[in-house]
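The structure appears right after this line, and notes come after that.
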Amino acid sequence: MAFQTLEQFITVQQSRFPKAKGELSRLLQAISLAAKIVHREVNKAGLADILGKYGPFNVQGEEQQKLDVFADREFMDALKKGGDCCYLASEEHEQGIDLMKSTGYAGGKYMVYFDPLDGSSNIDANVPVGTIFSVYRRVSHEQSLLHESDFLQTGRQQVASGYVIYGSSTMLVYTTGQGVNGFTLDPSIGEFCLSHPNLFIPVWGTTYSVNESNYQDFAPEIKRFLQYFKNNDESDQRPFSSRYIGSLVADFHRNLIQGGIFIYPATRRYTEGKLRLMYEANPLAFIVEQAGGLAVSGREPILDILPQDLHQRTPLIIGSRDMVSLFEQFVADQALNPLDAATSFLSES
Ligand code: P6P
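Each residue of the sequence shown is one higher than the last, beginning at 135 in the working numbering.
Here you go:
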């Protein structure tokens, strides 16, 4: 067997930590299981429409679930049965679930925040969608009920984070703070196989991802930053390419592999940005920093934001290290014109 499966990889990783009891390994296996089940449903979504379009029930007589509701249920079930969680929070639920209160048993030590199917509105157009997850260890005593301090952990305190992208192939990309690794699902054997070991994001790229329809809402320094990418300058291949899929995981993954920057700043409609801190920005920020990139809100690194609310939003500028650093230069030198800001940054690097 020429490849390493996710299960084998997790086992090897765990062996490096003699004190590890295998709880985090089991949690990651639970996520892998739910991802395979969601993969199956997402990949027949088009067929389900053809087969089941004449009513709310599919050909098996099952109620036709919206795929994000289905994905939420599968990740919830897998993580509850995975047995090592004390708290689960999903984009699909207003409140998080304290498993000790709701089941009465002393749950595990892990808190998991997840977006079960981000970008699900794109499914009908066969656009890649994704699951994003973020894992914390509780800080209060295990046998007690969860404490406020458990919910005030910044993104820097994540013990693991990752995403699944359901695209031309289904991939699981995650980190436990020991670098970033990508696994591609081989449906013929039902295993995620290590396909992208030790992922690093290129420090510079020639792609920027932003919803230009919000341009009028952007702060002046963001308009200048985007203009810099559009200016003609063959010395560094500008104008750059604009690539925006409208599915965060797909845009992020492309930039992680090829280099680039994703920008979703504050807009008139989303005054705090659109993307969610706990289960979109933080997990991707942990990954990108582990891969040598950066993620900021425009005010501070994403991973330093102190959470206030489960579903709080944040501006998100994330991707190649030097592109995000240049963005921060523009924010810092608001008075400078694009060229001066870029020149001063590039001359320092
Ligand atoms: P807009 C999908 O709805 C999503 O949450 C992310 O996946 C995506 O990056 C963003 O919203 C797209 O938002 O406002 O550009 O359509």
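By construction, the Cβ of each residue, glycine as well, lies at the ideal position given by its N, Cα and C atoms. Note that this is a predicted model, so its numbers are computed, not measured.
| query | result |
| --- | --- |
| Within 7 Å, strictly: CB atoms of residue 251 and residue 201 | yes |
| Integer Cβ distance of residue 297 from residue 307, believed to fall under 8 Å | 6 Å |
| Beta-carbon contacts of residue 409 that lie in its chain and below 7 Å, excluding the five residues immediately before and after | 382, 398, 415, 447, 448, 450 |
| Cross-strand partners of residue 306 (DSSP beta bridge) | 298, 317 |
| Local Cβ density within 10 Å of residue 349, reported as buried at 16 or more and exposed below that | exposed |
| Cβ pair count under 8 Å reaching 3, the segment 143-162 against the segment 303-320 | yes |
| Residue of 330, 162, 260 minimising C-alpha distance to residue 138 | 330 |
| Whether residue 377 touches residue 343 by CB criterion (7 Å) | yes |
| Whole-angstrom C-beta distance between residue 284 and residue 269, which should lie under 8 Å | Incorrect: roughly 13 Å between the Cβ atoms, too far for contact. |
| Contact under 7 Å by Cβ, residue 81 with residue 386 | The shown model of the chain, from 135 to 483, leaves out residue 81, and the question about it has no answer. |
| Cβ neighbours of residue 286 in the same chain (closer than 8 Å, five flanking residues each side left out) | 440, 441 |
| DSSP state of residue 413 mapped onto helix, strand, coil | helix |
| C-alpha distance - residue 264 paired with residue 464, whole-angstrom precision | 31 Å |
| Cβ neighbours of residue 184 in the same chain (closer than 7 Å, five flanking residues each side left out) | Residue placement at residue 184 is poorly supported in this model, since its pLDDT is 43, which falls under 50; the coordinates still yield a value, given next. Contacts found: none. |
| Residue 248: first and last residue of the uninterrupted alpha helix (DSSP H) it sits in | Looking at the DSSP string, residue 248 is not in any alpha helix (DSSP H); the run it does join, the beta strand (DSSP E), is 244-252. |
| Given residue 206 as reference, the closest of 337, 351, 455, 413 once Cα atoms are compared | 413 |
| Segment contact flag, the segment 240-249 with the segment 211-226, C-beta cutoff 8 Å, min 3 pairs | yes |
| For residue 221, three-class secondary structure by DSSP | strand |
| Residue 305 and residue 395 closer than 7 Å at C-beta | no |
| C-beta contact flag for residue 236 and residue 335 at 7 Å | no |
| Residues bridged to residue 232 [DSSP beta-bridge criterion] | 221 |
| Length at least 3, wholly inside the segment 310-364: the beta strand (DSSP E) runs in chain order | 314-320, 325-330, 341-343 |
| Residue 243 beta carbon less than 7 Å from that of residue 276 | yes |
| Candidates 231, 302, 333, of which the one nearest residue 319 by Cα | 302 |
| Residue-chain proximity (residue 313, chain B), Cβ-Cβ < 7 Å | Here chain B cannot be found, since the structure has a single protein chain. |
| heavy atom of the ligand P6P below 6 Å from residue 365 C-beta | no |
| Cβ shell of residue 172 (< 6 Å), same chain only, five flanking positions each side left out | 205, 208 |
| Residues bridged to residue 378 (per DSSP) | Per DSSP, none; premise fails for residue 378. |
| Cβ-heavy atom distance, residue 394 to the ligand P6P, below 6 Å | no |
| Element boundaries [beta strand (DSSP E), containing residue 271] | 263-271 |
| Separation of residue 459 from residue 370, as counted between CA atoms | 16 Å |
| Residue 345 beta carbon near the ligand P6P (any heavy atom closer than 6 Å) | yes |
| Pair within 7 Å by beta-carbon distance, residue 444 and residue 216 | no |
| Terminal residues of the alpha helix (DSSP H) in which residue 460 lies | 455-466 |
| Separation of residue 388 from residue 234, as counted between CA atoms | 39 Å |
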